[in-house]
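Residue numbers (our numbering), protein chains in the order written: chain A, 9 to 259; chain B, 116 to 351.
Right, here's the structure in full:
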């Protein structure tokens, strides 16, 4: 390639770079903020060319495609860490607070949590680092821990009302929460984390979603009795405005 | 327990937003000679949004719902994008049967990978048409449509006066906008862009067809797209 790798951005956006040149440009792209900004715009301009051409395909295509998707598995979402897709809600109607309390009583996570803290995994203890880069690895380790724990000790997961599960791991003053399978939320709403003590709930921020999963790492307050999650405006609330969708009591 | 000041009620009102080119438009039937596509008749079966009626869901919302497996959202997505998708692929491949195959591959990829779409990085339309164009071009280059890529014919094609290139059953605002924006490009920029986009030529092939150095072709492609971007008012 020439001395001016940026100039290939147009060819790249038009899919005019053959295999070798494409790989070379993508390597350049990985380290070039200018191109990282330009390429999406150029691709959008190229996609604009497609505005012209509208031809209704045969109905048989529609039925073939719809039949095919029912046999086609979907990949786990791997949007960039921190992506917050806008989601529609499929939340169930609000549960009775008593039901949620019953849920909480049924959880023996605190026992599991105590046991988990003493488990040493191959390769060392669990790190609660919050850097985005490490989140996947941390989550994988949490899953390893959870897989090791027999059901009889109580679930390492708490169900999330409306769908999904939350896994909680506590070590000292820090908590690691992993949630999976969350239902989509209406636009402008997000899941917010709280730690609960005698003074009430203290915010631990908006749960950053990666598809319909997320991981949060935060500190407890003194005398914390539970960790909870509720649906709030996407900008967050100073105190919860809705019933929690999950509550995890602590030892 | 946190104090409950409100309730989790039913899903809130769907925001009606239009992003990019998702306005309903008059579907066009297959035009004749310049497609060379006898035998493909327009389908009356597939519903299209009626003119003047706003799309109830934007493509981005549909992708979000598709990503969690909602088949109904995928059906709406199909109805929203299929004519434009098929039209684009058909123009690149020139073969209706292969175009259907590529469309099916694209739509399955959309179903599988909808969770990878990140709305912060661009519109749903751009994402989808980027996937689609890549597949169409790969198919062209794999030799499946070799006959159509004859270079002289290709050059004649992009040099044809613009209003002859495709018949319109009805003009749409968006088509006119793109038409006008293409006029902002120099003839040379436009040829480079169109040879690549519509014929699937690599930059070296474009350089050969236009008989200019490779560096010149790359610059024209880039500058041409930049002008198109600025004219279309594309934010990302």
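Backbone N, C-alpha and C define an ideal beta-carbon position, used for all residues, glycine too.
Less than 8 Å between C-beta atoms, sequence neighbours within five positions excluded: which residues of the same chain meet that for residue i?
| i | result |
| --- | --- |
| residue 244(A) | 198, 200, 211, 213 and 214 |
| residue 47(A) | 17, 20, 21 and 37 |
| residue 232(A) | 203, 204, 205 and 258 |
| residue 224(B) | 246 and 250 |
| residue 173(A) | 165, 166, 167, 187, 188 and 189 |
Name the residue from the options whose alpha carbon lies nearest to the alpha carbon of residue i.
| i | options | result |
| --- | --- | --- |
| residue 229(A) | 39(A), 258(A), 79(A) and 55(A) | 258(A) |
| residue 203(A) | 70(A), 254(A) and 46(A) | 254(A) |
| residue 61(A) | 316(B), 294(B) and 232(B) | 294(B) |
| residue 207(B) | 237(B), 323(B), 313(B) and 345(B) | 313(B) |
| residue 188(A) | 216(A), 39(A) and 66(A) | 216(A) |
| residue 42(A) | 25(A), 248(A), 221(A) and 14(A) | 14(A) |
| residue 191(B) | 82(A), 235(A), 73(A) and 219(A) | 73(A) |
| residue 233(B) | 311(B), 194(B) and 176(B) | 176(B) |
| residue 217(B) | 255(B), 345(B), 311(B) and 187(B) | 255(B) |
| residue 236(A) | 221(A), 59(A), 252(A) and 226(A) | 252(A) |
| residue 234(A) | 71(A), 30(A) and 177(A) | 177(A) |
| residue 171(A) | 241(A), 29(A), 183(A) and 190(A) | 190(A) |
| residue 27(A) | 257(B), 334(B) and 235(B) | 257(B) |
| residue 235(B) | 225(A), 208(A), 241(A) and 49(A) | 49(A) |
| residue 57(A) | 222(B), 334(B), 310(B) and 172(B) | 310(B) |
| residue 247(A) | 208(A), 219(A) and 256(A) | 208(A) |
| residue 55(A) | 321(B), 172(B) and 200(B) | 200(B) |
| residue 80(A) | 212(B), 222(B) and 327(B) | 222(B) |
| residue 212(B) | 76(A), 82(A) and 68(A) | 68(A) |
Helix, strand or coil for residue i? Go by DSSP, reduced to three states.
| i | result |
| --- | --- |
| residue 82(A) | coil |
| residue 198(B) | helix |
| residue 240(A) | strand |
| residue 221(B) | helix |
| residue 258(B) | helix |
| residue 174(A) | strand |
| residue 182(A) | strand |
| residue 200(A) | strand |
| residue 33(A) | helix |
| residue 169(A) | coil |
| residue 211(B) | helix |
| residue 244(B) | helix |
| residue 316(B) | coil |
| residue 339(B) | helix |
| residue 15(A) | helix |
| residue 252(A) | strand |
| residue 210(A) | strand |
| residue 73(A) | helix |
| residue 328(B) | coil |
| residue 348(B) | coil |
| residue 232(B) | coil |
| residue 335(A) | Any property of residue 335(A) remains undetermined from this structure, which presents chain A solely from 9 to 259. |
| residue 251(B) | helix |
| residue 48(A) | helix |
| residue 65(A) | coil |
Please work out which residues of its chain come closer than 7 Å, Cβ to Cβ, to residue i, disregarding the five sequence neighbours upstream and downstream, and give them in chain order.
| i | result |
| --- | --- |
| residue 319(B) | 329 |
| residue 44(A) | 37 |
| residue 346(B) | 296 and 299 |
| residue 241(A) | 196 and 197 |
| residue 321(B) | 307, 310, 311 and 332 |
Assuming residue i and residue j make a contact with CB atoms under 8 Å, what is their CB distance in whole Å?
| i | j | result |
| --- | --- | --- |
| residue 179(B) | residue 192(A) | 6 Å |
| residue 348(B) | residue 52(A) | Going by Cβ atoms, the distance from residue 348(B) to residue 52(A) rounds to 10 Å, so no, they are not a contact pair. |
| residue 316(B) | residue 24(A) | 7 Å |
| residue 243(B) | residue 308(B) | Contact doesn't hold; Cβ gap of about 20 Å is too wide. |
| residue 343(B) | residue 332(B) | Going by Cβ atoms, the distance from residue 343(B) to residue 332(B) rounds to 16 Å, so no, they are not a contact pair. |
| residue 220(B) | residue 250(B) | 6 Å |
| residue 182(A) | residue 221(A) | Contact doesn't hold; Cβ gap of about 20 Å is too wide. |
| residue 193(B) | residue 169(A) | So it is not a contact: roughly 32 Å between Cβ atoms. |
Here's a check: name, in chain order, each residue in its chain whose Cβ is nearer than 6 Å to the Cβ of residue i, leaving out the five neighbours to either side.
| i | result |
| --- | --- |
| residue 250(A) | 238 and 239 |
| residue 252(B) | 315 |
| residue 205(B) | 214 |
| residue 29(A) | none |
For this session: State whether the stretch 172 to 183 of chain B contacts the stretch 285 to 301 of chain B, with contact taken as three or more CB pairs (one from each stretch) at a distance under 8 Å.
Result: Segment contact: the stretch 172 to 183 of chain B against the stretch 285 to 301 of chain B, fewer than three CB-CB distances shorter than 8 Å; contact not assigned.
Exercise. Hey, is the stretch 219 to 229 of chain B in contact with the stretch 28 to 40 of chain A, meaning 3+ C-beta pairs nearer than 8 Å?
Worked result: no
For this session: Answer yes if the stretch 293 to 308 of chain B comes into contact with the stretch 326 to 346 of chain B, meaning at least three C-beta pairs across the two stretches below 8 Å, and no otherwise.
Result: yes
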